[in-house]
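Below is one structure, written out as structure tokens; comments come after it.
In the working numbering, the protein residues as written are -19 to 340.
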């Protein structure tokens, strides 16, 4: 039997109520039981294709609903609370604010994902407080023109430590650009990204599902696409509010927003591999390059013997400007020796290389 029908009775089997007409026969079924009404039930499981084949519980099952005021929200309810889809006086906001800081946000969602009913908030303040020693820098968003009709908005972030999740609200003039919240948001971080349109704003949050997981971002966190509207011009204002970043230890991080140009700019017309900075360097350096179109990209470090030291990038990347940090370590995580190294970029048929120097 691959699929079953699930029913319950609250009147000792006189009448049966359908819970699911067809669900996978995997040995369990999750029922979000009512918060009021009977507390004793009979259950009946039938073959979804042959209802005459069935089994019923022989004795009543007693259920004790959890108090609504104390129950943790489910994932859908948390998403609604984060996006502000519930009234400010809603009981859901009180239940979803796990860390009791006055807001339902990405930190609450991550705590719920990791700990569920085992979560116990501290008596006061945000869980662990803000980690001021670890900083995230968010560049003020700007438009990049893709074509005569379309634009993209890269969200560029630089973090000192691995990130577990984030939350950002992007404000724009919908008479100049249109952004579809149902679009598939592009991200190279592996995070699950969600977007919601609210007035002239797009609310975004993203996270890694793996408990204790983290990703260090030194470049584009995600990219949104938009359409130029009738009143589109070069003076398009993009602002961000409600910015929150959470580390892999589930600690809120200090955020600094860099001023950036909001003028619409064009996608670079050619491939270019720029000089790294700083050079020479000791601990780390940044490598910048531009791509006129999207495609597979490989950025690698070689020693002067031609031996591969580190692969920094080996994935599909969007058109635009990119920068990648190298921390002076090889693919095994060991710090390399002082000397001259070559970094090589391959993107489609384009190949380029430059030299850089590490001084200890």
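Cβ coordinates follow ideal geometry from the N, Cα and C atoms, glycine included.
Requested in this report: Return the Cβ separation of residue 202 and residue 186 in integer angstroms, given the expectation that the two are a contact with Cβ distance under 8 angstroms.
Outcome: 7 angstroms
**Report entry** Assigned secondary structure, residue 71 (DSSP; H/G/I helix, E/B strand, else coil)
**Finding:** Secondary structure of residue 71 (DSSP, three-state): helix.
Query raised in the report: For the putative contact between residue 73 and residue 84, defined by C-beta atoms under 8 angstroms, what is the C-beta separation to the nearest angstrom?
Result: 6 angstroms
Query raised in the report: Between residue 107 and the rest of its own chain, which residues show a CB-CB distance below 6 angstroms, the 5 nearest in sequence each way excluded?
Result: At residue 107, the pLDDT of 46 sits below 50, so the modelled position is not reliable; the number obtained from the coordinates is stated separately. Closer than 6 angstroms at the Cβ level, and outside the excluded window around residue 107, lie 79.
Query - Sequence-distant residues of its chain with Cβ nearer than 6 angstroms to residue -2 (five each side left out) - result: Taken in chain order, the residues that qualify are -13.
Report task. Using a threshold of 8 angstroms, state whether the C-beta atoms of residue 195 and residue 222 are closer than that. Result -> no
Report task. Could you tell me which of 158, 294 and 334 sits nearest to residue 284, measuring between CA atoms? Result -> 334
**Report entry** Assigned exposure category for residue 294 - 16 Cβ within 10 Å defines buried
**Finding:** exposed
Requested in this report: Please confirm whether residue 289 and residue 310 have their CB atoms less than 8 angstroms apart.
Outcome: yes
**Report entry** Endpoints, the alpha helix (DSSP H) within which residue 61 is located
**Finding:** 55 to 62
Report task. Could you tell me the distance, in whole angstroms, from the CA atom of residue -6 to the CA atom of residue 227? Result -> Between the alpha carbons of residue -6 and residue 227 lies a distance of about 55 angstroms.
Report task. Can you tell me which of -9, -15 and 269 puts its alpha carbon nearest to the alpha carbon of residue 4? Result -> The shortest Cα separation from residue 4 among -9, -15 and 269 belongs to -15.
Report task. Evaluate contact between the stretch 115 to 122 and the stretch 133 to 147, counting only Cβ atoms and requiring at least three cross-stretch pairs below 8 angstroms. Result -> yes
Query - Close Cβ partners of residue 183 (< 6 angstroms) along its chain, the five nearest in sequence each way excluded - result: Excluding residues up to 5 positions away in sequence, 63, 149 and 176 lie with their Cβ nearer than 6 angstroms to the Cβ of residue 183 in the same chain.
Query raised in the report: Under three-state DSSP, which class holds residue 284?
Result: Looking at residue 284 - three-state DSSP - the assignment turns out to be coil, as it is neither helix nor strand.
Requested in this report: From the DSSP output, in three-state form, read off residue 344 for me.
Outcome: The requested residue 344 does not occur in the structure, where the chain is confined to residues -19 to 340.
Report task. Within the same chain, show all residues whose beta-carbon is closer than 6 angstroms to that of residue 301, passing over the 5 residues directly before and after it, in chain order. Result -> 270
Query raised in the report: Sorted by chain position, which residues of the same chain lie with C-beta nearer than 6 angstroms to residue 336's C-beta, five sequence neighbours on each side aside?
Result: 256, 259 and 321
**Report entry** Min CB distance residue 160 to chain C below 8 angstroms
**Finding:** In the displayed structure, chain C is absent; only one protein chain is listed.
Requested in this report: Take the Cβ of residue 263 as the centre, count every other Cβ of all protein chains shown within 10 Å, and call the residue buried at 16 or more, exposed below.
Outcome: Flag for residue 263 reads exposed.
Query raised in the report: Roughly how many angstroms separate the alpha carbons of residue 88 and residue 154, rounded to a whole number?
Result: The alpha-carbon separation between residue 88 and residue 154 amounts to approximately 31 angstroms.
Query raised in the report: Just reading off the alpha helix (DSSP H) that residue -2 is part of, what are its end residues?
Result: Note, residue -2: premise wrong, no alpha helix (DSSP H); beta strand (DSSP E) at -3 to 4.
**Report entry** Backbone secondary structure at residue 198 - three-state DSSP
**Finding:** strand
**Report entry** Same chain only: Cβ atoms within 8 angstroms of residue 209, ignoring 5 sequence neighbours per side
**Finding:** 154, 155, 156, 157 and 158
Query raised in the report: If you drop the 5 nearest sequence neighbours on each side, which residues of the same chain put their C-beta closer than 7 angstroms to that of residue 11?
Result: -1
Query raised in the report: Comparing alpha-carbon positions, which option in 239, 305 and -11 lies nearest residue 261?
Result: Selected option, being the one with the closest Cα: 305.
Report task. Spell out the partners DSSP gives residue 306 in its beta bridges. Result -> 265
Report task. Below 8 angstroms on the Cβ atoms is my guess for residue 133 versus residue 123; work out the distance and round it to an integer in Å. Result -> 6 angstroms
Query raised in the report: Exposed or buried, residue 160, counting other C-beta atoms within 10 Å across all chains shown (16 or more means buried)?
Result: exposed
**Report entry** Residue of -10, 162 and 29 minimising C-alpha distance to residue 23
**Finding:** Each of -10, 162 and 29 was checked against the Cα of residue 23, and the nearest Cα belongs to -10.
Query raised in the report: Taking Cβ to Cβ, would you say residue 59 is nearer than 8 angstroms to residue 151?
Result: no
Report task. Assuming residue 330 and residue 251 form a contact by the criterion Cβ under 8 angstroms, report the distance between their Cβ atoms to the nearest whole angstrom. Result -> 4 angstroms
Query raised in the report: How long is the line joining the alpha carbons of residue 206 and residue 254, rounded to whole angstroms?
Result: 29 angstroms
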